[in-house]
Amino acid sequence: MPLDTRATDAKAGRRELPVSASRSRILVVEDDANIAELLTRELRGLGCTVDGVRLGGDALLASRSTDYALMIVDLGLPDMDGVELVREIRRRAIEVPILMLTARRRVEDRVVGLASGADDYLGKPFAVPEMRARVLALLRRPARLRGEQLAVANLAIDSEALEAMVEGVGLALPRKQYLLLELLVRRKHHTTPKRMIEEALYGFDDAVSANSIEAQVSKLRRALRLAGAAITIETRRGIGYRLSSREAGAH
Amino acid sequence: MARRPAPTPEELRLLDPDRMFVERLAADRAALATSVAAGDALRTRAIVHGLAGAAGTFGYTAIGDIALELDAAAAAGENLSQKAIFSLLEALERSLKSA
C-alpha cells in the first residue's frame with residue numbers, strides 16, 4: 030500500500046468539496062492526540078464540522094445531545110473498549126454511521142467490531158486518502174438507508190422527497206416545520222434538546238428569538254392534529270421535545 | 010500486509026505540519042527508556058501501543074512496524090523482549106536524527 034499523502038494537498042483533493050461531506054458534523058472519539066489532530070484537520074478539509082472527545086463516556090453524552098452524521102471511534106479508549114461504546118450507542122437506538130479505528134490486526138477483532146454495530150473498519154496505521162474515502166462512503170450511505178425507516182404510528186417521512194405523509198396523504202408543511210418533524214422522528218426514542226433543534230432549523234446568521242422553537246412546535250402540533258396524525262409532541266420542561274405515539278406501547 | 014515505502018520529507022511535512030508528532034516521538038523515546046530502566050511493563054506497553062497506532066500513519070513506518078509486532082505480542086500475552094524494545098528505541102533514535 031503506497032503512502033500517498035498527496036491527497037492531503039489542496040491541489041489533489043480539495044478543489045471541490047463533496048456534497049455529502051459539506052457541513053456534516055462528525056464526532057471523533059480518539060485518545061491519541063496526534064491521530065485526533067490529524068483526523069480533525071483532514072475532515073475539516075472536507076468541509077465537515079468536527080467535535081473531538083477522548084473518552085467513551087463523553088462520546089455517549091455527545092451522541093445523545095447532537096445529531097452526528099458520522100462517528101469515528103478508536104477501539105482502545107482509556108475508560109471503555111470501543112466495541113462496548115458502539116454496542117451502547119446501538120442499544121440506545123442511535124443510528125449514526127460508525128467508522129471503527131484500531132491497531133488490532135486480527136480478523137477476529139475486525140469481526141467483533143463490525144458485529145457490535147460499527148459500519149466500517151479502518152486499521153492503524155492508515156493512509157489518509159483511504160480514511161477520507163471511507164468517511165465519504167459512509168456519509169453518502171445514511172440518507173438512503175435511514176430514509177426507509179422514518180415512520181412513527183400513521184406518520185411516514187420520505188427524507189429524499191422532503192415530504193411527510195399521514196396515512197399516505199401528503200402533509201403540506203413549511204420547510205422549518207418539516208425539518209423539525211424529521212428531526213423528532215429520527216430521534217423518536219430520545220428527547221431532542223432545544224439546542225439541537227436550533228442547529229437543525231436555523232443557520233449561524235439567523236436571528237433566533239427566545240420563543241422561536243416554541244412557535245414552530247406549536248404550528249407543527251396544530252398541523253399534525255388537523256391531519257389526524259396519531260402522534261403528539263411532548264414538552265420535556267427545560268430540556269426539549271419528544272414524540273409520543275398514541276398507539277399503545279409505541280413511541 | 011505489504012510494507013509501505015519510506016515517505017519523502019515532503020510527505021512527512023504534509024502529515025505533521027506543526028512537527029507535533031516529531032515532538033511526541035522524542036517524548037516517547039525518553040519515556041520508553043525510563044520505563045524499560047524502571048521495569049515498568051505497563052507503561053512500556055502503553056507507549057508501544059500508542060506508537061503502533063500512530064507511527065505508521067504519520068509515515069514513520071520502521072517505528073510503526075516494530076511497535077505493531079511488539080503490541081501484537083503483548084496482546085497475545087507474551088512478555089516483551091528487551092531485544093525487541095531496544096530495536097524500537099534504536100528506530101526512534103534514527104528517525105529523530107533524520108527528522
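Protein chains in written order, with my numbering: chain H, 30 to 280; chain U, 10 to 108.
Think of the CB as a built atom: it goes at the ideal place given N, C-alpha and C, for glycine as much as any other residue.
Checklist entry - According to DSSP, is H:A193 helix, strand or coil? => result strand
Checklist entry - Less than 7 Å separating the beta-carbons of H:A88 and H:L104? => result no
Checklist entry - Taking the alpha-carbon positions, what's the H:R163 to H:D60 distance? => result 21 Å
Checklist entry - Should H:P154 be labelled buried (16 or more other beta-carbon atoms within 10 Å of its own) or exposed? => result buried
Checklist entry - Taking Cβ-Cβ distances shorter than 8 Å, what residues in chain U pair up with H:G105? => result H58, G62
Next on the checklist: Along the chain, where does the alpha helix (DSSP H) containing H:E59 start, and where does it finish?
Outcome noted: Careful: H:E59 lies outside any alpha helix (DSSP H) and carries neither H nor E.
Item to check | Whole-Å CB distance - H:T221 paired with H:L213, under 8 Å assumed | outcome: 6 Å
Checklist entry - When the distance is taken between beta carbons, is H:V140 closer than 7 Å to H:V112? => result no
Checklist entry - So, does the CB of H:I64 fall closer than 7 Å to a CB anywhere in chain U? => result yes
Checklist entry - Taking all protein chains shown into account, do 16 or more other C-beta atoms lie within 10 angstroms of the C-beta of H:H218, making it buried, or fewer, making it exposed? => result exposed
Checklist entry - When you compare each of U:G68, U:G59, U:R54, U:F95 to U:R28 by their alpha carbons, which one comes out closest? => result U:G68
Checklist entry - DSSP state of H:E263, grouped into three classes? => result Here H:E263 sits in strand by DSSP.
Item to check | Interface residues of chain U facing H:P222 [CB-CB closer than 9 Å] | outcome: Those do not exist, as H:P222 stays about 34 Å from chain U at its closest Cβ, beyond 9 Å.
Next on the checklist: Please give me, in chain order, every unbroken run of the alpha helix (DSSP H) with length at least 4 that falls completely inside the region 56-139 of chain H.
Outcome noted: 62-74, 85-94, 111-120
Item to check | C-alpha distance - U:A85 paired with H:R133, whole-angstrom precision | outcome: 11 Å
Item to check | DSSP bridge partner residues for H:Y270 (one or two, in chain order) | outcome: H:T221, H:T264
Checklist entry - By Cβ distance, which residues of its chain are closer than 6 Å to H:A185, with the 5 residues on each side in sequence left out? => result Correct list, in chain order: M194.
Item to check | Residues near U:A100 in its chain [Cβ-Cβ closer than 7 Å; skip 5 each side] | outcome: Taken in chain order, the residues that qualify are A71, I72, I75.
Checklist entry - Mapping DSSP to helix, strand and coil, what is H:Y207? => result helix
Checklist entry - So, helix, strand or coil for H:V181, using DSSP? => result strand
Next on the checklist: Give the list of continuous beta strand (DSSP E) stretches no shorter than 3 residues that lie fully inside the region 36-81 of chain U.
Outcome noted: Those beta strand (DSSP E) runs which fall completely within the region 36-81 of chain U and span 3+ residues do not exist here.
Next on the checklist: Which residue marks the beginning of the alpha helix (DSSP H) containing U:L24, and which one marks its end?
Outcome noted: Bounds of the alpha helix (DSSP H) holding U:L24 are 18-24.
Item to check | Inter-residue Cα distance where the pair is H:T95 and H:I262 | outcome: 19 Å
Checklist entry - Which residues in chain H sit within 7 Å of U:L33, going by Cβ to Cβ distance? => result Residue identity differs from the one stated: residue 33 of chain U is Arg in this sequence, not Leu. What U:R33 touches in chain H: N63.
Checklist entry - What number of angstroms, rounded off, separates the C-alpha of H:V102 from the C-alpha of H:T78? => result 16 Å
Checklist entry - Start and end of the beta strand (DSSP E) containing H:K246? => result Per the sequence shown, residue 246 of chain H should be read as Val rather than Lys. Not the beta strand (DSSP E): H:V246 falls in the alpha helix (DSSP H), residues 241-256.
Next on the checklist: I want to know whether the region 257-276 of chain H touches the region 22-36 of chain U - three or more CB-CB distances under 8 Å.
Outcome noted: No contact exists between the region 257-276 of chain H and the region 22-36 of chain U.
Next on the checklist: Taking the alpha carbon of H:D148 as the reference point, which residue from H:A156, H:L168, H:E227 has its own alpha carbon closest?
Outcome noted: H:L168
Checklist entry - Expressed to the nearest angstrom, what Euclidean distance is found between the alpha-carbon atoms of H:I268 and H:N63? => result 35 Å
Next on the checklist: So, for H:D138: in the same chain, excluding its five sequence neighbours on each side, which residues have a beta-carbon less than 8 Å away from its beta-carbon?
Outcome noted: The beta carbon of H:D138 lies closer than 8 Å to those of L104, T131 in the same chain, with the five residues before and after it left out.
Checklist entry - Does the beta carbon of H:P154 come closer than 7 Å to any beta carbon on chain U? => result yes
Checklist entry - Of all the residues that make up the region 117-135 of chain H, which are near chain U by a beta-carbon distance shorter than 9 Å? => result L130, T131, A132, R133, R134, R135
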